[in-house]
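Engineer:
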Ligand code: ADP
Ligand code: MG
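Numbering (our numbering), first residue to last: -16 to 658.
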């Protein structure tokens, strides 16, 4: 790795390569005062140094400082190194203390021999006058080199100061230069705990600036998207088809659905691309809202693409839309990774000629080989599984009359705090009402040692005519391992429940097989459906009122909430059993308890954010969208109101300041994301 690989091409970039954490080498800690896990400087006299042939050959040295003895252990060493550790030599070493079999040890400490008269014995000072920064790095550039580079940059800072780009009245105690100075070289008495927690005023100053920069970059992305025209789709055009569809349904839309349908309709009628995110908890009826929007475009003579993150969800949409749109005379085209060869050519040809008004599919839809004749609206379901870049890729498939409108649907409620930095490029609509008759799901936690009782419970529920899901999880993403685990579980459950019809669905099955099993479950012919997490999204069987999730501790909260949303759809009491493997880690326990406590997607999303951080919650880690250098959520949530108002102020001012901010903080964010 070279500096340029870190996005560092000028001195100023170095200044914004900020330490991850700090070491305190300013003081020498007496051996008697060592604590397990702490990083410390220690001075002492070598008493013995020997090669030990244990499980791994190692060089072991013992040093003593008058208060106690400490072991230094090296697994990689040279003969010269051993010879240099002669008894009587005085050393200063630095490293992380761990408790060994015979007292404290440091593995591979950094160390050097002290000159005669140098060092302090058990006195405190080491002569280092600042805390030592530890920089983010991968290979190629070591800590020593980073420290040298950054301290040179600091020296340079005295002559050429980077511009303070935030408005003067931003309420910060540190100026930009003071903050940079402080964070690269904190004084010995700096509050390490505050620095570790990210709550030091110097960090807040920079975090604020970084969040402002990200917010502005999303707003700019939005402005760019909207700089091209989009087809103005008349509201009136869609009304006849929309009414026919709604009349064909056995229910009427909720108030929330109606409101969101209207918000979208108004957007679509404007000649600029809509960029709207619809949030609605699992089961709130987002699909109908999407269908309503699609009809406005189709009636105006435009094509619509609906993209889902998994094959099974895309298929569910296809079936749904064929059922809804078929009677309206609208052709639905199907495109997934599994549609290959001639079938694929035929499908893409039909889309290119405009013969199908609606395309439903997976990522396959935004591959380059797919062209539309006249794409007017792109709808993406379960947005957080796709990165911003994928979403944009589909919107680049412009129709003849400019960019398509974009509608994003998500069941993972995005906490306000996150939406500001991750989705500021989108408008929001919320379906904050569930269709009538939905009952909250009662969730219980059961230790897997009591698995047999759970099997009995399934037997009871199913003999009462109800249906159940049994969800198998695996840490591995691999489809084939997941499939094996699900097969084994289904086999065991068939043995234990010989009177029940047990079905199995997993990602390795052929689409037709999957569809057949799902249809049998929907028809009530299968009582118990064993599944991998492929059923996470979209599957809808109202009579299923019991869900067992095996090893729920392996899943994130959002995923658990999605899964659980498959039950509680039929009216009547529903249950979810989280069949966990003990012992549970603290954070797993917190997640499972949150599930038991609440059915509210917003509460769960906030908890998830708190427990796992934004990268995991949004699944956008790879896209680098949230690869902040210093800002951290939710630690810096309290800055977000200021972020919005500062961004607003800046937008009234000089465009060059905005450009400079975005450059400074986000220009190389994708590279940083990999670091
Ligand atoms: P999600 O928001 O999770 O995608 P869906 O769109 O899959 O939810 O809807 C879940 C189920 O609720 C579907 O069977 C759908 O037909 C049904 N549904 C949607 N809107 C209503 C409504 N207003 N009243 C009753 N059922 C509805
Ligand atoms: Mg859905």
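From the three backbone atoms N, C-alpha and C, an ideal C-beta is built for every residue, glycine too.
Along the chain, where does the alpha helix (DSSP H) that runs through residue 626 open and close?
Structural biologist: Here the alpha helix (DSSP H) through residue 626 covers 623 to 635.
Engineer: Please return the same chain residues whose Cβ sits closer than 6 Å to the Cβ of residue 434, not counting the five positions on each side in sequence.
Structural biologist: Nothing meets the Cβ criterion.
Engineer: Could you compute how far the alpha carbon of residue 77 sits from the alpha carbon of residue 20?
Structural biologist: Straight-line Cα distance between these residues: approximately 13 Å.
Engineer: My output table needs one value for residue 76: the three-state DSSP class, helix, strand or coil.
Structural biologist: The answer is strand: DSSP assigns residue 76 an E or B state.
Engineer: What do you reckon, is the C-beta of residue 552 under 8 Å from a heavy atom of ligand 1?
Structural biologist: Checking the Cβ of residue 552 against ligand 1 gives yes.
Engineer: Skipping 5 residues on each side, what residues in its chain have a beta carbon closer than 7 Å to that of residue 407?
Structural biologist: 198, 201 and 202.
Engineer: Going by DSSP, what residues sit across from residue 90 in a beta bridge?
Structural biologist: Note: residue 90 sits in a beta bridge opposite 56.
Engineer: The beta strand (DSSP E) that contains residue 155, what's its start and end?
Structural biologist: Per DSSP, residue 155 belongs to no beta strand (DSSP E) and is neither H nor E.
Engineer: What separation, rounded to the nearest whole angstrom, lies between the Cα atoms of residue 332 and residue 278?
Structural biologist: Looking at the two C-alpha atoms, the distance is approximately 22 Å.
Engineer: Let me know the secondary structure DSSP gives residue 538 once reduced to three states.
Structural biologist: In this structure, residue 538 counts as coil in the three-state DSSP scheme.
Engineer: Taking the beta strand (DSSP E) that residue 426 belongs to, which residues open and close that run?
Structural biologist: Segment 424 to 430, the beta strand (DSSP E) holding residue 426.
Engineer: Beta strand (DSSP E) containing residue 492: first to last residue?
Structural biologist: Looking at the DSSP string, residue 492 is not in any beta strand (DSSP E), and its letter there is neither H nor E.
Engineer: Alpha carbon to alpha carbon, how far is residue 621 from residue 0?
Structural biologist: Using only the alpha carbons, I get a separation of about 24 Å.
Engineer: Closer than 8 Å to a non-hydrogen atom of ligand 1 - does that hold for the CB of residue 266?
Structural biologist: Yes, ligand 1 has a heavy atom inside 8 Å of this Cβ.
Engineer: Which runs of the alpha helix (DSSP H), 4 residues or longer, sit entirely within the stretch 319 to 351?
Structural biologist: Runs found: 324 to 335.
Engineer: How many angstroms separate the CA atom of residue 281 from the CA atom of residue 585?
Structural biologist: C-alpha separation (whole angstroms): 33 Å.
Engineer: So what's residue 606 in DSSP terms, helix, strand or just coil?
Structural biologist: Annotation note: pLDDT 41 at residue 606 (below 50); position unreliable, coordinate value reported separately. If DSSP states are grouped into helix, strand and coil, residue 606 belongs with the helices.
Engineer: Kindly give me the distance between the Cβ atoms of residue 155 and residue 187, rounded to whole angstroms, as I take these residues to be in contact under 8 Å.
Structural biologist: Residue 155 to residue 187, Cβ: 7 Å. Contact.
Engineer: Check whether the stretch 307 to 323 touches the stretch 252 to 269, counting contact only when three or more Cβ pairs, one atom from each stretch, lie closer than 8 Å.
Structural biologist: The stretch 307 to 323, when compared against the stretch 252 to 269, does not touch it at the 8 Å Cβ threshold.
Engineer: Excluding the 5 residues preceding and the 5 following residue 644 in the sequence, name in chain order all residues of the same chain whose CB lies nearer than 8 Å to its CB.
Structural biologist: 148, 192, 195, 196, 199 and 633.
Engineer: Return the bridge partner residues of residue 45 from the DSSP annotation.
Structural biologist: Residue 45 is bridged to 31 and 54.
Engineer: I'd like to know if the stretch 444 to 456 and the stretch 531 to 550 are in contact, where contact means that at least 3 CB-CB pairs between them fall below 8 Å.
Structural biologist: Yes, the stretch 444 to 456 touches the stretch 531 to 550.
Engineer: Report yes if the C-beta distance between residue 34 and residue 55 is below 9 Å; otherwise report no.
Structural biologist: No, they are not a contact pair.
Engineer: Beta carbon of residue 365: closer than 8 Å to some heavy atom of ligand 2?
Structural biologist: Yes.
Engineer: Mapping DSSP to helix, strand and coil, what is residue 289?
Structural biologist: The answer is strand: DSSP assigns residue 289 an E or B state.
Engineer: Which of the three DSSP states, helix, strand or coil, is assigned to residue 243?
Structural biologist: Three-state DSSP puts residue 243 in a helix.
Engineer: Enumerated in chain order, which unbroken segments of the alpha helix (DSSP H) with a length of 4 residues or greater are wholly contained in the stretch -9 to 37?
Structural biologist: Runs of the alpha helix (DSSP H) inside the stretch -9 to 37: -6 to -2.
Engineer: Compute the beta-carbon to beta-carbon distance between residue 53 and residue 25, rounded to the nearest angstrom, for a pair I have assumed lies under 8 Å.
Structural biologist: Their Cβ separation, rounded to whole angstroms, is 6 Å, which keeps residue 53 and residue 25 in contact under 8 Å.
Engineer: Thinking just about the alpha-carbon of each residue, which of 481, 469 and 464 is nearest to the one in residue 442?
Structural biologist: Measuring from the Cα of residue 442, the nearest candidate turns out to be 481.
Engineer: Please name the residue or residues paired with residue 137 in a DSSP beta bridge.
Structural biologist: The partner list for residue 137 (beta bridge, DSSP) is empty, contrary to what the question assumes.
Engineer: If I measure Cβ to Cβ from residue 629 and keep anything under 8 Å in the same chain, skipping five residues before and after, which residues do I get?
Structural biologist: Excluding residues within five positions, the ones whose Cβ falls inside 8 Å are 149, 150, 153, 191 and 195.
Engineer: For residue 58, count the other beta carbons within 10 Å of its own beta carbon; 16 or more makes it buried, fewer makes it exposed. Which is it?
Structural biologist: With fewer than 16 other Cβ atoms within 10 Å, it is exposed.
Engineer: Give the straight-line distance between the Cα atoms of residue 117 and residue 86, rounded to the nearest whole angstrom.
Structural biologist: Each residue's Cα considered, the two are about 27 Å apart.
Engineer: Report the option in 488, 305, 299 and 307 whose CA atom is closest to the CA atom of residue 345.
Structural biologist: Here the closest residue by C-alpha is 299.
Engineer: Whole angstroms are fine: how far does the CA of residue 250 sit from the CA of residue 502?
Structural biologist: Taking the straight line joining both Cα atoms gives about 37 Å.
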